[in-house]
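Chains as they are written, first to last, in the working numbering: chain A, 10 to 247; chain B, 10 to 247; chain C, 10 to 247; chain D, 10 to 247. Where is the CB? At the ideal position from N, CA and C, for every residue including glycine. Here is the structure we will look at.
Number of protein chains: 4
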Amino acid sequence: MTRQHAGDPDFRWRGENVSRVENLSDIVFALVLTLAALQSIPSSFDELVGLWRGAISIAMCFALILLIWRTHHIFFRRYGLDDGWVTGFNALLLFLVLIYIYPLKFMTDFVVNYFTGGFETAAEVTAVLTLSQVPVLYAIYGGFFAAVYGVFALLHAHALRHADALELTAQERSWTRFEVEFSIGTVLLSLAIIALAFVLPDAIAAFSGILFAMMGLIAWVCSARANARVLRAGSATS
Amino acid sequence: MTRQHAGDPDFRWRGENVSRVENLSDIVFALVLTLAALQSIPSSFDELVGLWRGAISIAMCFALILLIWRTHHIFFRRYGLDDGWVTGFNALLLFLVLIYIYPLKFMTDFVVNYFTGGFETAAEVTAVLTLSQVPVLYAIYGGFFAAVYGVFALLHAHALRHADALELTAQERSWTRFEVEFSIGTVLLSLAIIALAFVLPDAIAAFSGILFAMMGLIAWVCSARANARVLRAGSATS
Amino acid sequence: MTRQHAGDPDFRWRGENVSRVENLSDIVFALVLTLAALQSIPSSFDELVGLWRGAISIAMCFALILLIWRTHHIFFRRYGLDDGWVTGFNALLLFLVLIYIYPLKFMTDFVVNYFTGGFETAAEVTAVLTLSQVPVLYAIYGGFFAAVYGVFALLHAHALRHADALELTAQERSWTRFEVEFSIGTVLLSLAIIALAFVLPDAIAAFSGILFAMMGLIAWVCSARANARVLRAGSATS
Amino acid sequence: MTRQHAGDPDFRWRGENVSRVENLSDIVFALVLTLAALQSIPSSFDELVGLWRGAISIAMCFALILLIWRTHHIFFRRYGLDDGWVTGFNALLLFLVLIYIYPLKFMTDFVVNYFTGGFETAAEVTAVLTLSQVPVLYAIYGGFFAAVYGVFALLHAHALRHADALELTAQERSWTRFEVEFSIGTVLLSLAIIALAFVLPDAIAAFSGILFAMMGLIAWVCSARANARVLRAGSATS
Numbered sequence: 010m011t012r013q014h015a016g017d018p019d020f021r022w023r024g025e026n027v028s029r030v031e032n033l034s035d036i037v038f039a040l041v042l043t044l045a046a047l048q049s050i051p052s053s054f055d056e057l058v059g060l061w062r063g064a065i066s067i068a069m070c071f072a073l074i075l076l077i078w079r080t081h082h083i084f085f086r087r088y089g090l091d092d093g094w095v096t097g098f099n100a101l102l103l104f105l106v107l108i109y110i111y112p113l114k115f116m117t118d119f120v121v122n123y124f125t126g127g128f129e130t131a132a133e134v135t136a137v138l139t140l141s142q143v144p145v146l147y148a149i150y151g152g153f154f155a156a157v158y159g160v161f162a163l164l165h166a167h168a169l170r171h172a173d174a175l176e177l178t179a180q181e182r183s184w185t186r187f188e189v190e191f192s193i194g195t196v197l198l199s200l201a202i203i204a205l206a207f208v209l210p211d212a213i214a215a216f217s218g219i220l221f222a223m224m225g226l227i228a229w230v231c232s233a234r235a236n237a238r239v240l241r242a243g244s245a246t247s
Numbered sequence: 010m011t012r013q014h015a016g017d018p019d020f021r022w023r024g025e026n027v028s029r030v031e032n033l034s035d036i037v038f039a040l041v042l043t044l045a046a047l048q049s050i051p052s053s054f055d056e057l058v059g060l061w062r063g064a065i066s067i068a069m070c071f072a073l074i075l076l077i078w079r080t081h082h083i084f085f086r087r088y089g090l091d092d093g094w095v096t097g098f099n100a101l102l103l104f105l106v107l108i109y110i111y112p113l114k115f116m117t118d119f120v121v122n123y124f125t126g127g128f129e130t131a132a133e134v135t136a137v138l139t140l141s142q143v144p145v146l147y148a149i150y151g152g153f154f155a156a157v158y159g160v161f162a163l164l165h166a167h168a169l170r171h172a173d174a175l176e177l178t179a180q181e182r183s184w185t186r187f188e189v190e191f192s193i194g195t196v197l198l199s200l201a202i203i204a205l206a207f208v209l210p211d212a213i214a215a216f217s218g219i220l221f222a223m224m225g226l227i228a229w230v231c232s233a234r235a236n237a238r239v240l241r242a243g244s245a246t247s
Numbered sequence: 010m011t012r013q014h015a016g017d018p019d020f021r022w023r024g025e026n027v028s029r030v031e032n033l034s035d036i037v038f039a040l041v042l043t044l045a046a047l048q049s050i051p052s053s054f055d056e057l058v059g060l061w062r063g064a065i066s067i068a069m070c071f072a073l074i075l076l077i078w079r080t081h082h083i084f085f086r087r088y089g090l091d092d093g094w095v096t097g098f099n100a101l102l103l104f105l106v107l108i109y110i111y112p113l114k115f116m117t118d119f120v121v122n123y124f125t126g127g128f129e130t131a132a133e134v135t136a137v138l139t140l141s142q143v144p145v146l147y148a149i150y151g152g153f154f155a156a157v158y159g160v161f162a163l164l165h166a167h168a169l170r171h172a173d174a175l176e177l178t179a180q181e182r183s184w185t186r187f188e189v190e191f192s193i194g195t196v197l198l199s200l201a202i203i204a205l206a207f208v209l210p211d212a213i214a215a216f217s218g219i220l221f222a223m224m225g226l227i228a229w230v231c232s233a234r235a236n237a238r239v240l241r242a243g244s245a246t247s
Numbered sequence: 010m011t012r013q014h015a016g017d018p019d020f021r022w023r024g025e026n027v028s029r030v031e032n033l034s035d036i037v038f039a040l041v042l043t044l045a046a047l048q049s050i051p052s053s054f055d056e057l058v059g060l061w062r063g064a065i066s067i068a069m070c071f072a073l074i075l076l077i078w079r080t081h082h083i084f085f086r087r088y089g090l091d092d093g094w095v096t097g098f099n100a101l102l103l104f105l106v107l108i109y110i111y112p113l114k115f116m117t118d119f120v121v122n123y124f125t126g127g128f129e130t131a132a133e134v135t136a137v138l139t140l141s142q143v144p145v146l147y148a149i150y151g152g153f154f155a156a157v158y159g160v161f162a163l164l165h166a167h168a169l170r171h172a173d174a175l176e177l178t179a180q181e182r183s184w185t186r187f188e189v190e191f192s193i194g195t196v197l198l199s200l201a202i203i204a205l206a207f208v209l210p211d212a213i214a215a216f217s218g219i220l221f222a223m224m225g226l227i228a229w230v231c232s233a234r235a236n237a238r239v240l241r242a243g244s245a246t247s
C-alpha cells in the first residue's frame, strides 16, 4: 500500500509482483546500463583522470535509458498485463534499446568531446562526422525515439482496449488515454523534427533537436484534456 | 487474475510467483539476447550507418530466442513445477541456448549478408561456406531445433505424469498432451529435414529448410486431436 | 517472519517482495561484481598460478560493493518505498557504482601489487602512480565514498519525511534518523580527509586514509543519540 | 504447495518468495554460466564445426556450477534465512565461484583436448601442464571444492543454530545435520586427496582424484545416521 500511495496516486496497481516479462526486461535494461557504462580499465593514474569525459557521456545515456525504464515500469505496475501482445511489444522495445545502446554511446561521446574540447583539431571532428551527415543522424536517433514512443502508444492502447477486464475506473481510463495521446504526440514531433532536419540548410539543421522541448507542450495539452475528461465523468455520475 | 485471463484462457496458472529456476533462466535468456545484440561501438558516422545489416540479423536471433522463452515462460506459469527433473531439463535447455547463440548469429549474419549484397564477390561467400557443407549445416542447426523441442516434450511429459498431484482438469490434461505431441512432431520433422539435406543433391538440399513450414500442419493436427479429447471428456462427464 | 526476526530486530519490514527498482539494482550490482572479478582465461599452468594476486584485489572490491549493496538492501526492505525520488536517488547510486568499478579495480590492483612485491622496480611503481598524485587520488576515491553516503543520507531523509505515511514507530524513526546522521557524518569525514590530503606534505598525505577508521567513532556517537531518543520517547508515552 | 510436494518431501519450505540475496546470487550464477559458455563468434564454417570440443568442456563446467546452484537454492527455500551471517557466507560463495570460473574452464578445456586428441604433439601438452605440476593443481581445485563445501557446512550449521526460531521439526533438524556432516566429510575428503597428491609419486598422483567417488560413501554413512536419528526421535515421542 505504501508503495502505491507514494508513487502513483491516480492508479490502483494491478501488478504487485514482478512478472517474468518484467524480470527479463529488467535484466536487459541493467545490461544495457552496464554496456553504456563500460570503459577500459585504467592502467595508470593519467588514464584514470582521463575518464571524466566518459563519465559525463555515460550519465547522458543513463538518463535516457532510465526514462524509458520508468515508463516501462509504471505500465506493468498499473495494468499487470501479461499476454502475447504485451510480450511482443515488449520484445520490440528490448530490441530497440539493445541495438541502439552503442549508437547512443557514440553520439553522447561525440557531443561531450565536442563541447569539452576533447577534439584537438577540426579535422578530428570531421573524421567522425561532417555537417552534411547531420540530417541522416537525426533520422537515425529521431527514428529510435519515435519507435520507442510508438511502442509505448501501442502498449497503452492495448491496456485501454482491456479497460473493462482490468476494471479501470473513469479516472484511470482518462490517464491511460493521456499516455496514448502523449506518446503519439511525441512520435509525430520526432517525425516532424527529422523532416525539418532534411529540409533546413545544414548549418541550421543541427539545431532542430531543440524542438524536442515541445514535448513539454504536448504533455501540457494532453494533461489538460485528461483532467477535463475526469471532471466530465465526475459530473456525469453525480 | 487479469494476467491469467488475458494470457491463457485454458489454464489455471499454478506458478504465480517467479521461482528461482525461472529467475536463473530469465537472466540467461536476457544475457543471450544481449550477446546476440552486441556489435562493436561505432567510431565514425560511416560505421554507424553500416550497422543496419547487423540489426536485421539481430532481429532474426531475437525472434527465435523469444519464441523459446515464451514456451518456457508458459510452461512454468501453468504447472509451477520445481523439482530435480525440471531443474535438469531446464539446465539442458539453457546449455543449448548458450552454446548455440554465436553459431546462430553466424548463420543469420551470413543469410543477411547473402541476401542484401553484403558479400562483394562469390569468393567471399565460399570462404565462409560452400554448397557441399550445407548438409552438415542442417545437421547442426536442425539438431539444435530438435534438441530444444525434445526438452519441451520431456518437460510437458513430466507435467503430464504429475497431472494428479497438480490437479489438472481434463481440458488442461488434453492441452498438455497437445504440447507433448506437437514437440515430438517438431523433433521428428527436424530429423527428417536433416536426413533429406544429406540425401538430396547439394543444389536442392539448401532449400529443404522450407519444409519447416510443416510445423503449422503438425500444430493443426495435434490441436484437432486435443479438441476431440476435450469434447469426449465433456460428453463422458455429462 | 523468520527472515525479519533473524535479520533486523528493530524494524518491521514493509517491502516483503522484491520490487522492480531493487531487481534492476541487484542485476547492476551482480554485473559490477562480475566485472570486478573478470580476469583473463589462463592459457597455461603458470598463468593459472599467477592469478592469486588478482584474487586478493577482487576480494577487496567485493567487500566494498557488498557493503554498499547491504545498506541498499536493508533500506528497501525496511521502508518499501518506490516513488520517483527513490528511483532517482537509486539511479545516481547505480551510476556511481558502475563508473567507479574499474577505477576501484585499478586501485586495489595497485595496492596488492605494491604490498606483495608485484612491482619489480621502483620505476614500475612510478609509471603507474607518483607520490605527488596521491592527493588527487584521495579526491577521486574519497569523492566516490562521499557521494555514495550522500545518496544514502538523501534516501533515509526521504523515508523520514514519509514517516507518517509509512506508520514508523518512535523506535523506527529514531533509527532512521541514525542512518541519516551516520551517512552525513561519513560524507563530512570523507571531505575532511580529502582536504587533509591536499594540505599535508605528500609523504604523510598518503596515510590520511587511516582516518576512515573514525567511521567507527561516528557510528558510536550517532547510535548513542538514537538510543537516548528511544528512551525519551518510551518515558514520554508511559 | 505443488512445488514443495514435488521437490522436497522432508521439508516445509520457509522461503517461498525469492529474497534479494537469492536474486543477487542467481544473477551471479547466470553470469558465471554465460562466462563459462562464451566462445568466439565463428567466422567460417570450419570454425563453426571446430566448436564441438568447447561444447563438451562447457557442459562439464555447467554440471559443476549447477550442482552448487542446486544446493544453494534448496538451502534458501528450506530455511528462508536472510541475516548478516548468511549474506556474508553467500558473498564468500559468490566470490569463490566468480574467481574460479576461468580456472575451471582452463581445466576442462585441457581435459577435453587431452582425451579427444586436441593436442597434436606431447610438447603442446607440456607447454600447458607438466606432470610435476599436478599436485599444485590438486591443491588449487581441491581447495576450491573444499572451500565451497566449507561454506555449505557453515550455512547449514547456522540454520541448525536457529532451529528453534525456524520451528524445525525433529525430522528437519536431522536432515539439516545430515547436510552439515556431509559437507564436512567432503571438505575432509578434499584435503586428504590434496595431501595424497603431494605424497604419492607424480605418475600416480594424477589419479588420486578418483577418490572423489568416496563422496557417495560419505553420503551413505551420513544418511544412515540421519535416518537413525529420525527413528529415535519418533520412538521417543510415541
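Residues that residue i contacts on chain D, provided the C-beta gap is smaller than 7 Å
{"i": "arginine 29 (chain B)", "result": "Val27, Glu31, Asp35, His82"}
{"i": "alanine 100 (chain B)", "result": "Phe71, Leu75"}
Chain D residues whose Cβ lies nearer than 8 Å to that of residue i
{"i": "proline 112 (chain B)", "result": "Pro51, Leu57, Leu60"}
Within chain B, the residues that residue i reaches when beta carbons sit closer than 7 Å
{"i": "phenylalanine 85 (chain A)", "result": "The contacting residues do not exist; phenylalanine 85 (chain A) stays about 10 Å from chain B at best."}
{"i": "threonine 251 (chain D)", "result": "Only positions 10 to 247 of chain D appear in this structure, which leaves residue 251 (chain D) out of reach."}
With 16 other Cβ atoms within 10 Å as the buried cut-off, status of residue i
{"i": "serine 244 (chain A)", "result": "exposed"}
{"i": "alanine 15 (chain C)", "result": "Confidence at alanine 15 (chain C) is low in this model, with a pLDDT of 49, below 50, so its placement is unreliable and no value can be given for it."}
{"i": "isoleucine 213 (chain B)", "result": "exposed"}
{"i": "arginine 12 (chain A)", "result": "Caution applies to arginine 12 (chain A), whose pLDDT of 45 falls short of 50 and renders its modelled position unreliable; the model cannot decide the point."}
{"i": "threonine 195 (chain B)", "result": "buried"}
{"i": "phenylalanine 216 (chain B)", "result": "exposed"}
{"i": "phenylalanine 124 (chain A)", "result": "exposed"}
Terminal residues of the alpha helix (DSSP H) in which residue i lies
{"i": "threonine 195 (chain B)", "result": "179-208"}
{"i": "phenylalanine 31 (chain C)", "result": "It is worth fixing the name first, because residue 31 (chain C) is glutamate in this sequence and not phenylalanine. Here the alpha helix (DSSP H) through glutamate 31 (chain C) covers 29-46."}
{"i": "serine 141 (chain A)", "result": "From DSSP, serine 141 (chain A) is part of no alpha helix (DSSP H); its letter is neither H nor E."}
{"i": "arginine 62 (chain A)", "result": "61-88"}
{"i": "alanine 100 (chain C)", "result": "93-124"}
{"i": "glutamate 56 (chain A)", "result": "54-58"}
{"i": "isoleucine 219 (chain A)", "result": "Run containing isoleucine 219 (chain A): none; DSSP gives neither H nor E here."}
Among the options, the one whose alpha carbon lies nearest that of residue i
{"i": "isoleucine 74 (chain A)", "options": "A:Leu107, A:Ser199, A:Phe124", "result": "A:Leu107"}
{"i": "glutamine 48 (chain A)", "options": "C:Pro112, C:Ile50, C:Thr43, C:Gly63", "result": "C:Pro112"}
{"i": "alanine 242 (chain C)", "options": "C:Ala228, C:His171, C:Arg182", "result": "C:Arg182"}
{"i": "glycine 89 (chain C)", "options": "C:Ala204, C:Leu163, C:Arg29", "result": "C:Arg29"}
{"i": "valine 120 (chain A)", "options": "A:Glu31, A:Tyr109, A:Arg62", "result": "A:Arg62"}
{"i": "glycine 24 (chain C)", "options": "D:Trp22, D:Val27, D:Leu60", "result": "D:Val27"}
Per-residue contacts from residue i into chain C (C-beta, under 8 Å)
{"i": "arginine 21 (chain A)", "result": "Result: empty, since nearest Cβ-Cβ is about 15 Å, beyond 8 Å."}
7 Å Cβ cut-off: residues of chain C touching residue i
{"i": "phenylalanine 153 (chain D)", "result": "Those do not exist, as phenylalanine 153 (chain D) stays about 11 Å from chain C at its closest Cβ, beyond 7 Å."}
Amino acids of chain B, ordered along the chain, whose beta-carbon sits closer than 8 Å to that of residue i
{"i": "valine 157 (chain A)", "result": "The contacting residues do not exist; valine 157 (chain A) stays about 15 Å from chain B at best."}
7 Å Cβ cut-off: residues of chain A touching residue i
{"i": "alanine 136 (chain C)", "result": "Ser53"}
Cross-chain neighbours of residue i in chain A, by beta carbon under 9 Å
{"i": "leucine 205 (chain C)", "result": "Within 9 Å Cβ-Cβ: nothing; leucine 205 (chain C) doesn't reach chain A, min ~20 Å."}
Neighbouring residues, chain B, relative to residue i (Cβ below 9 Å)
{"i": "alanine 168 (chain D)", "result": "Going along chain B, no residue has its Cβ under 9 Å from alanine 168 (chain D), so there is no contact; the nearest lies around 18 Å."}
Is it true that the stretch 55-73 of chain A meets the stretch 132-151 of chain A, where meeting means three or more beta-carbon pairs spaced less than 8 Å apart? no
Okay, do the stretch 23-43 of chain D and the stretch 36-44 of chain C touch, 3+ Cβ pairs below 8 Å being the bar? yes
With contact counted as at least three CB pairs below 8 Å, one residue from each stretch, are the stretch 199-212 of chain D and the stretch 142-154 of chain D in contact? yes
So, does the stretch 159-171 of chain C touch the stretch 216-226 of chain C, judging by three or more C-beta pairs under 8 Å? no
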